[in-house]
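Engineer:
2 protein chains.
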Amino acid sequence: MAKRDRRFFKDNFPALRNSMYLNTGSEGLIPRETYKQINKLIKRNFKYGGSHPHFYDMVNFNFSKIPHYLKLLGVDPEKQIRVSSVSEGLNFCFNMLSNNNIKKILLLKDEFKTGILASYAFAEKNKAKLIWADDLDDYYKRLKTDKPDIAIMSHVDYRDGKDNNIERFYSECKKNNVFFIVDGAQAIGNLFIRFPQEIHADLYVWTTHKWLCSPRGLGFINVSQRIKDSIGPLGYHYFATEVFRPPEIKIIDSMDSMSVHAANFIGEIGFVSSMRFLDKKIGIDNILKINEDNKNYFYKVAEKNSIKVEVSDTNLLSIKVDEPEKVVEAMLRRKILIRSIPDTEYIRVSIHLYNNKKDIDVFFKNLNQILGEK
Amino acid sequence: MAKRDRRFFKDNFPALRNSMYLNTGSEGLIPRETYKQINKLIKRNFKYGGSHPHFYDMVNFNFSKIPHYLKLLGVDPEKQIRVSSVSEGLNFCFNMLSNNNIKKILLLKDEFKTGILASYAFAEKNKAKLIWADDLDDYYKRLKTDKPDIAIMSHVDYRDGKDNNIERFYSECKKNNVFFIVDGAQAIGNLFIRFPQEIHADLYVWTTHKWLCSPRGLGFINVSQRIKDSIGPLGYHYFATEVFRPPEIKIIDSMDSMSVHAANFIGEIGFVSSMRFLDKKIGIDNILKINEDNKNYFYKVAEKNSIKVEVSDTNLLSIKVDEPEKVVEAMLRRKILIRSIPDTEYIRVSIHLYNNKKDIDVFFKNLNQILGEK
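If you read the protein sequences in the order shown, they are chains Z and G. Under the working numbering, the very last position in the first sequence is 375; numbers go up by exactly one each time. Under the working numbering, the very last position in the second sequence is 375; numbers go up by exactly one each time.
#1: In chain Z, which residues lie less than 7 angstroms from Gly218 (chain G) when you measure between Cβ atoms?
#2: With Gly220 (chain G) and Ser85 (chain G) assumed to form a contact (beta carbons below 8 angstroms), what rounded beta-carbon distance in angstroms separates them?
#3: By Cβ distance below 7 angstroms, which residues in the same chain neighbour Arg335 (chain G) in space, the five residues on each side in sequence not counted?
#4: Assuming the contact rule is C-beta atoms closer than 8 angstroms, Glu269 (chain Z) and Ile31 (chain Z) should be a hit. Round their C-beta distance to whole Å, please.
#5: What is the C-beta distance between Tyr159 (chain G) and Leu317 (chain G), in whole angstroms, given that I count them as a contact (C-beta under 8 angstroms)?
#6: By alpha-carbon positions, which one of G:Asn306, G:Ile117, G:Thr345 and G:Lys305 ends up nearest to Ser319 (chain G)?
#7: So what does DSSP say about Asn96 (chain Z), is it helix, strand or coil?
#8: Would the beta-carbon of Ile348 (chain Z) fall within 7 angstroms of that of Val328 (chain Z)?
#9: What are the residues in the stretch 74-87 of chain G lying within 8 angstroms of chain Z by C-beta distance?
#10: Could you run through the stretch 329-354 of chain G and flag, in chain order, every residue whose CB is less than 8 angstroms away from some CB of chain Z?
#11: Quick one: residues in its chain with C-beta nearer than 6 angstroms to the C-beta of Thr25 (chain G), no 5 flanking neighbours on either side, listed in chain order?
#12: What does a CB cutoff of less than 8 angstroms around Met59 (chain Z) pick up in its chain, not counting 5 residues either side in sequence?
#13: Tell me whether Gly220 (chain Z) sits in a helix, a strand or coil according to DSSP, three-state version.
#14: Reducing DSSP to helix, strand and coil, say where Lys142 (chain G) ends up.
#15: Looking only at its chain, what residues have a beta carbon closer than 6 angstroms to the beta carbon of Tyr298 (chain G), apart from the 5 residues adjacent to it on each side?
#16: Shorter than 7 angstroms from the beta carbon of Ser99 (chain G) to some beta carbon of chain Z?
#17: Does any CB atom of chain G fall closer than 7 angstroms to the CB of Pro325 (chain Z)?
#18: Taking Cβ-Cβ distances shorter than 8 angstroms, what residues in chain G pair up with Gly190 (chain Z)?
#19: Is Thr208 (chain Z) helix, strand or coil by DSSP?
#20: Let me check understanding here. Comparing Cα to Cα, which of Z:Val87, Z:Ser341 and Z:Ile222 lies closest to Gly116 (chain Z)?
#21: For Phe93 (chain G), I'd like the list of residues in its chain whose CB is within less than 8 angstroms of its CB, leaving aside the five on either flank, ordered along the chain.
#22: Suppose contacts are defined by Cβ-Cβ distances below 7 angstroms. Is Met154 (chain Z) in contact with Leu109 (chain Z) by that definition?
#23: Taking the DSSP output, what are the residues bridged to Tyr22 (chain Z)?
#24: Between the stretch 15-46 of chain Z and chain G, which residues of the former have CB atoms less than 7 angstroms from a CB of the latter, in chain order?
#25: Sorted by chain position, which residues of the same chain lie with C-beta nearer than 6 angstroms to Glu311 (chain G)'s C-beta, five sequence neighbours on each side aside?
#26: If we ignore side chains and look at the alpha-carbon of each, how far apart do Leu17 (chain G) and Ile337 (chain G) end up?
#27: Just the chain Z side, please: which residues come within less than 7 angstroms of Lys48 (chain G) by C-beta, in chain order?
#28: Below 8 angstroms on the Cβ atoms is my contact criterion, and I expect Asn265 (chain G) with Ile267 (chain Z) to pass it. Report the Cβ-Cβ distance as a whole number of Å.
#29: In chain order, what residues of the same chain lie with their CB nearer than 6 angstroms to the CB of Ile342 (chain Z), ignoring the 5 residues before and after it?
#30: Does the beta-carbon distance from Val224 (chain G) to Ala188 (chain G) come in below 7 angstroms?
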């Protein structure tokens, strides 16, 4: 870590020069290298046109690297469905399952908006019933008693950073023939950096733009073997329309197919570039260690200041305050970027690898001042 | 048009300095102003972070302009569902209709890949049957005789630029209670620049990245009144998950909701910027006139050169040649960008407002040389 000091991070993430960024869980910072690559892509589009071979040279080169980085993160490229966002991914999950006569969907009460919205949309269209579990134990119980067809939850609770420990739920789902959908938006790069050998969900949606320092625009659905068996071959570059492939259609596995189906290539180019940065400049196995050090220090300083930080399994850290929106605003005036959690009395801080002890000291110093003023 | 001469277009579309761009139907060129705006957006993301208010200032400002430009194009912002691509849009159309007990889908044989793929995907999932019409008259007949639940076609045939004259089909669809889905990818900015008062489809999917000089990443589904009545209120900024809104969910109509659901904002920023360019610098009502002049000149020079150009209702112009791929490659070596049409013996030229008579002269001169060499 000798060379990865404060200067290194400020040089590589210029946003740190303009504010103290403690809000990675909403949107991670983009490294300089990634910014340059996206710029280059847009410049090529501008200079040559978006269907010119010089433009596609760059697109194809970057796409060819995606499987490598997927493998580095521990997922099988052949089991990923490419989506543009977690929201699109969750909707797609429901649509994939729509021919399975879905009558009941199990959710965790007040949990996560994106999953709830996708569930509502599906329930509304398909006259399915939503079942709300009060808490995780109730959820576990209802998997057996309420016989849902789909169970959906997030891997990490975005409000307090707690690990929902999806393993036991998936194991119960498999016993009861329930499709288990997991929103993993806050897990990769935060709870873990390499996926475990077994991913405990039938459909596990994850994104690259929070904890992997990528721009918005690229996410994936990891499908379980039983889902994969039912939908046929997949490739990381296949889109919605190409998942179900009847024999009459020529398999489109050249890069040409991307040009038809991709929204734009910012997500992909950004992911490859940011992963290269994380891999070469930080070392992806150092990320969780850096984050753990930051987190431990955060709890230590909080204790010294007699501020209670909720228990968390990740680097999403929440603190109960009066009028959280006002605290967030006051912090922003001091150029410290955090967020509030809607309908709760919590502010949430998410510390990533580019933060350091000084950031944490400054955060608490300012929080004390703001709370003292009120 | 005095000031909008060759220099004006070369200054505003630098891609024209590097190649003769006669392939707008695949991907239109981005004006300098749009390039600058996208650059600015990415720079802000890089400089402040993607959840910083300074970043969202720009996003919000641009989003607030979208309804204005939708109205300028003749569509009702309240009837648009925002999608990222025509492919996503077509899949979404099928998903919207999936609770209507769809058993039969009518398609036009060999027509358009994106629509065919979406239909296949839906048919595969929902055990629906695909019915293939041999030609437009057969399609019209089958609307009555085959009793499909969904009929799908493109507004303009991407291969030869012919107007499929959707009006009579929609009128027949309404009589027979068929949902009519239209892929309008090649229509806006090419067949028309302002939508007609009545849009002849239940679900009309269109995109901004071909003939409206925008980058990839933004398209819309225009929904008919009968569809709108069945799905409730819509806004141009609503996404898949937010189309079906039960009363339990607070209506999310602030710009905040974009940050959750948008892939990235390139499509939106690009659309607003390119529309501003078309509106202020060209005048959107001049576009079709410029294109018609170009087209007339194209036919004239073709005739002089004894080259047969197929009849077309738009600026998608096709010419039968031996080995079209080789012609495309030879043209590219001469820095002239056109395309071939898969599984046919045609090359396709699509001339947009930034092309002029000289481009057309150069095209035919080179085509003659290439055909002569073979």
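Using N, Cα and C, we set each Cβ at its ideal position, and we do this for glycine too.
Structural biologist: Considering the structure as presented:
#1: Taking the first residue of the second sequence as 1, we reach residue 218 (chain G) at position 217. The answer, in chain order, is Ala264 and Asn265.
#2: Within the second sequence, numbered from 1, the residue matching residue 220 (chain G) stands at position 219. Within the second sequence, numbered from 1, the residue matching residue 85 (chain G) stands at position 84. Contact flag correct, Cβ pair sits at about 7 angstroms.
#3: Numbered from 1 along the second sequence, position 334 holds the residue referred to as residue 335 (chain G). Result list for Arg335 (chain G): Asn367, in chain order.
#4: Start at 1 with the first residue of the first sequence, and residue 269 (chain Z) comes out as number 268. Start at 1 with the first residue of the first sequence, and residue 31 (chain Z) comes out as number 30. Contact doesn't hold; Cβ gap of about 14 angstroms is too wide.
#5: In the second sequence, the residue the question calls residue 159 (chain G) occupies position 158. In the second sequence, the residue the question calls residue 317 (chain G) occupies position 316. Contact holds; Cβ gap of about 7 angstroms.
#6: If you number the second sequence from 1, residue 319 (chain G) lands on position 318. That would be G:Thr345, whose Cα lies nearest to the Cα of Ser319 (chain G).
#7: Walking along the first sequence from the start, residue 96 (chain Z) turns up at place 95. Asn96 (chain Z): helix per DSSP, three-state reduction.
#8: In the first sequence, the residue the question calls residue 348 (chain Z) occupies position 347. In the first sequence, the residue the question calls residue 328 (chain Z) occupies position 327. A contact, by the Cβ cut-off of 7 angstroms.
#9: Ser85 and Ser86
#10: Leu333, Leu338 and Arg340
#11: As a first step, residue 25 (chain G) is located in the second sequence; it is residue number 24 there, counting from the start. Once the five neighbours on either side are set aside, the close Cβ partners of Thr25 (chain G) are Ser351 and His353.
#12: On the first sequence, position 58 is the one that residue 59 (chain Z) refers to. For Met59 (chain Z), where only same-chain residues beyond five positions count, the Cβ hits under 8 angstroms are Lys41, Leu42, Arg45 and Ile270.
#13: Translated into the one-based positions of the first sequence, residue 220 (chain Z) becomes position 219. It is a strand residue.
#14: Reading the second sequence from its first residue, position 141 is the one you call residue 142 (chain G). If DSSP states are grouped into helix, strand and coil, Lys142 (chain G) belongs with the helices.
#15: Indexing the second sequence from 1 puts residue 298 (chain G) at position 297. These residues qualify, in order along the chain: Lys358 and Ile361.
#16: One-based indexing of the second sequence puts residue 99 (chain G) at position 98. Answer yes: the Cβ-Cβ gap between Ser99 (chain G) and chain Z drops below 7 angstroms somewhere.
#17: Sequence index remark: in the first sequence, residue 325 (chain Z) carries index 324 (1-based). No, Pro325 (chain Z) does not count as interfacial toward chain G.
#18: The sequence position of residue 190 (chain Z) within the first sequence is 189, counting from 1. Residues of chain G passing the Cβ test: none, with the nearest at roughly 15 angstroms.
#19: Here residue 208 (chain Z) refers to the residue found at position 207 when the first sequence is read from its first residue. DSSP places Thr208 (chain Z) in strand when its eight states are reduced to three.
#20: Here residue 116 (chain Z) refers to the residue found at position 115 when the first sequence is read from its first residue. When each option's Cα is compared against that of Gly116 (chain Z), the closest is Z:Val87.
#21: For the purposes of this step, residue 93 (chain G) is identified with residue 92 of the second sequence, where counting begins at 1. So the qualifying residues of the chain are Ile82, Val84, Ile222 and Ala241.
#22: Counted from its first residue, the first sequence places residue 154 (chain Z) at position 153. Counted from its first residue, the first sequence places residue 109 (chain Z) at position 108. Contact: yes.
#23: As a first step, residue 22 (chain Z) is located in the first sequence; it is residue number 21 there, counting from the start. DSSP lists Z:Leu338 as partners of Tyr22 (chain Z).
#24: Pro15, Ala16, Asn19, Ser20, Tyr22, Asn24, Ser27, Glu28, Leu30, Ile31, Tyr36, Ile39, Asn40, Ile43 and Asn46
#25: Walking along the second sequence from the start, residue 311 (chain G) turns up at place 310. Here the set comprises Asp161 and Ser319.
#26: In the second sequence, residue 17 (chain G) corresponds to position 16, counting from 1. In the second sequence, residue 337 (chain G) corresponds to position 336, counting from 1. So the alpha carbons of these two residues sit roughly 10 angstroms apart.
#27: For the purposes of this step, residue 48 (chain G) is identified with residue 47 of the second sequence, where counting begins at 1. Those are Pro15, Ala16 and Asn19, listed as they occur along chain Z.
#28: Here the question's residue 265 (chain G) lines up with position 264 in the second sequence. Here the question's residue 267 (chain Z) lines up with position 266 in the first sequence. Yes, they are in contact, since the Cβ atoms of Asn265 (chain G) and Ile267 (chain Z) sit about 5 angstroms apart, within 8 angstroms.
#29: For this step, residue 342 (chain Z) is matched to residue 341 along the first sequence. Answer for Ile342 (chain Z): Arg160 and Arg349, listed in chain order.
#30: Counting from one through the second sequence, the residue named residue 224 (chain G) turns up at place 223. Counting from one through the second sequence, the residue named residue 188 (chain G) turns up at place 187. Their beta carbons are not under 7 angstroms apart, which means Val224 (chain G) does not touch Ala188 (chain G) by this criterion.
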